[in-house]
Amino acid sequence: MKYILIFLPFFFLIANISLAQSSFLGIQNSPRKGVLQSLMNPAEINNLNRSVDVFFVGAEGSFGNNTITFNEFLNNRNRVIDFAINKAKAPISFRSEAEIIGPTVGIRLNKWAIGLSTKSVVNGNMIDVDAKLGEAFSDYEIQVNNNTFSINSPYNQRVYLSNWSEIGLILGREVFSYQHHRLSLGANARLIFPQNYINLAVDNLRGTLVQENFDFALTDASGKVNMIYSSEILSNNSFNLSFEGFQFNNPSGLGLDLGANYQFLDQEGPKFNVGLAVRNLGSVRYPTGQIQNNSYIFNIPPDQFFNLNELRGSLDEIESHLIESGYFQLESPTTNFETGLPTQFVIYGEWKVNQNFYLSVNSHQRMRDKQDNSQIISQNLILITPRIVFGRFELYSPWAKLELSGLSGGLGLRFGGFFIGSNSILTGVLAEGKLIDFHTGLSWSFGKRQ
């Protein structure tokens with residue numbers, strides 16, 4: 074179907090999300106402390122192995138979901154949405170996120186440390202789409218000439234896509250040091266440069282969907298539709314999201330990370346390294362008129378039908394069809410639009426078992442409502458990473474329990490300041506994992522050792 078179904082825009086948007094990226098989880102707990110670690114916890118900037126660390130460039134990529142395995146994704150990549158719909162037994166969620174770290178530097182000066190970071194992020198999610206509702210529009214179901222589907226989805230289903238760039242100023246201070254104990258604090262204040270934001274959502278959808286051949290109509294239905302978009306990034310007949318990398322124009326948001334770090338030291342350096350941080354506090358306010366944020370309450374009586382085939386063209390044209398139908402009532406539109414950053418609580422511990430073997434545990438917990446239409450979200454996870462270190466060489470294997478895609482296991486290696494790896498290569502390719510990802514980067518450190 075080429076037209077846009079107002080309460081199922083999810084499938085058309087998610088098909089245009091390219092393989093994107095997730096967090097540098099496997100490498101961030103490395104015993105080689107550089108400015109990369111301070112992006113997880115700004116207090117880590119006090120633990121730089123050398124007095125100066127320069128991170129040249131880094132990139133990561135992931136795609137995860139709660140329904141199909143990576144092998145099924147490859148085998149059905151031309152009809153992945155239909156395959157997922159017919160397989161799903163619960164609400165469907167897809168997650169993709171992109172992050173590119175540009176030139177970043179950290180400097181340690183006695184008890185103080187300072188850093189400057191650049192980063193660009195792409196974030197896209199399909200959240201809790203009713204599998205039964207999706208099945209009504211799958212290629213399998215529309216082979217039947219006539220069908221009637223009862224719909225009852227008493228929650229918010231949404232797809233959103235966003236991207237932004239940022240420049241961060243990192244500041245750290247060692248606040249306590251006595252014998253084997255050291256405590257540090259840190260903060261990362263970031264200037265946010267928003268680029269795009271799209272959100273399409275349907276809340277509390279109830280009703281009956283009637284299919285006759287390839288025509289669909291909605292009757293005896295109620296719910297709420299939310300459409301957030303910028304007309305500058307949408308062509309007349311396309312829902313493609315543009316991404317042009319780093320763009321440092323028109324700053325309109327502030328982000329803040331706060332962190333603390335404790336180290337227990339022996340004669341060879343840190344024996345235990347423990348940290349906690351609150352990341353991505355803050356929001357992004359878009360200039361007046363840049364973002365359209367419209368919500369419609371609809372109520373279609375049992376003896377009347379709303380023809381979904383009329384919903385064609387651009388989002389502006391779709392909104393005109395909604396209003397002209399008489400079933401959709403526009404709530405008071407907002408002139409200013411603000412998105413919340415994906416706030417997380419992070420806690421981790423690292424243990425140097427012996428000279429060559431390390432073990433770390435890392436937990437990230439979301440602190441915002443994932444069903445809020447103005448919210449960029451993150452996912453909950455717990456990560457355990459054993460690693461073997463021989464001089465400048467490091468081999469690590471991250472194993473995570475992810476909120477969305479379940480168990481994932483991967484492998485990575487580092488030599489000096491270069492690293493490459495995946496948090497999911499073992500379970501994604503060799504087994505039945507629902508996540509596939511990669512991460513890589515290059516840095517160089519010099520000066521006095523810690």
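Be aware that the sequence shown starts at 74, since it is given in the working numbering, and climbs by one per residue.
Yeah, the Cβ is synthetic: ideal placement off N, Cα and C, and Gly gets one too.
None of the values given here were measured: they were computed from a predicted structure.
Item: Kindly indicate which residue of Ala-204, Val-298 and Ser-325 has the alpha-carbon position closest to the one of Ser-238.; Value: Ser-325
Item: Helix, strand or coil for Lys-425 per DSSP?; Value: strand
Item: Do you know offhand how far Phe-371's Cα is from Asn-382's?; Value: 17 Å
Item: Can you give the beta carbon distance from Ile-364 to Ile-301, rounded, assuming they're within the 8 Å contact cut?; Value: 6 Å
Item: Tell me whether the beta-carbon of Phe-488 lies closer than 8 Å to the beta-carbon of Arg-522.; Value: no
Item: Do Leu-264 and Ile-243 have their C-beta atoms closer together than 8 Å?; Value: no
Item: What's the call for Phe-430, buried or exposed, on a 16-neighbour Cβ count within 10 Å?; Value: exposed
Item: List the DSSP bridge partners of Pro-343.; Value: Leu-338
Item: Which value, in whole angstroms, describes the spacing of the CA atoms of Gln-452 and Leu-480?; Value: 14 Å
Item: Compare the C-alpha of Leu-121 against each of Thr-361, Ile-173, Gly-245 and Leu-499 and name the closest.; Value: Gly-245
Item: Taking the runs of the beta strand (DSSP E) that are 3 residues or longer, which of them lie wholly in the segment 152-230?; Value: 165-174, 177-182 and 185-202
Item: Over what stretch of residues does the beta strand (DSSP E) that includes Arg-117 continue unbroken?; Value: It is Glu, not Arg, that sits at residue 117 in the sequence shown. Here Glu-117 belongs to no beta strand (DSSP E), and DSSP marks it neither H nor E.
Item: Going by the beta-carbon positions, is the gap between Ala-204 and Ala-171 smaller than 8 Å?; Value: no
Item: Between Gly-179 and Ser-250, is the Cβ-Cβ spacing less than 8 Å?; Value: no
Item: For Leu-486 and Phe-492, which I take to be in contact (beta-carbon distance under 8 Å), what is that distance rounded to the nearest angstrom?; Value: 7 Å
Item: By DSSP, does Gly-514 sit in helix, in strand, or in coil?; Value: strand
Item: Just the Cα atoms here: how many angstroms apart are Gly-134 and Thr-513?; Value: 9 Å
Item: When DSSP labels each residue in this structure, what does Gln-320 get in the three-state scheme?; Value: coil
Item: Using a Cβ-Cβ cut-off of 7 Å (strictly less than) and excluding sequence neighbours within five positions of Phe-418, which residues of its own chain qualify?; Value: Val-351, Gln-438 and Met-440
Item: Can you tell me whether DSSP reads Gly-332 as helix, strand or coil?; Value: strand
Item: Go ahead and pull the three-state DSSP assignment for Arg-441.; Value: coil
Item: I'd like the list of long-range same chain contacts for Leu-331, defined as Cβ closer than 6 Å, with 5 residues on each side in sequence excluded.; Value: Ala-260 and Val-351
Item: On the criterion of 16 or more Cβ atoms from any shown chain inside 10 Å, does Asp-376 qualify as buried, or is it exposed?; Value: exposed
Item: Secondary structure at Asp-376, three-state DSSP: helix, strand or coil?; Value: coil
Item: Taking C-beta to C-beta, are Phe-410 and Asn-366 nearer than 8 Å?; Value: yes
Item: Answer yes or no: do Ser-169 and Phe-136 have a C-beta to C-beta separation smaller than 8 Å?; Value: yes
Item: Could you tell me which residues DSSP pairs with His-254 in its beta bridges?; Value: Tyr-251 and Phe-337
Item: Does the pairing of the segment 470-484 with the segment 504-513 give three or more beta-carbon distances under 8 Å?; Value: yes
Item: List the DSSP bridge partners of Tyr-431.; Value: Lys-425 and Arg-460
Item: Nearest to Gly-362 by alpha carbon, out of Leu-234, Trp-424 and Ser-303?; Value: Ser-303
Item: When we look at the beta-carbon of Phe-519 and count the other beta-carbons within 10 Å, is it buried (16 or more) or exposed?; Value: exposed
Item: Under 8 Å between the Cβ atoms of Asn-269 and Asn-236?; Value: yes
Item: Taking its Cβ as the centre, do 16 or more other Cβ atoms sit within 10 Å of Gly-483, making it buried, or is it exposed?; Value: buried
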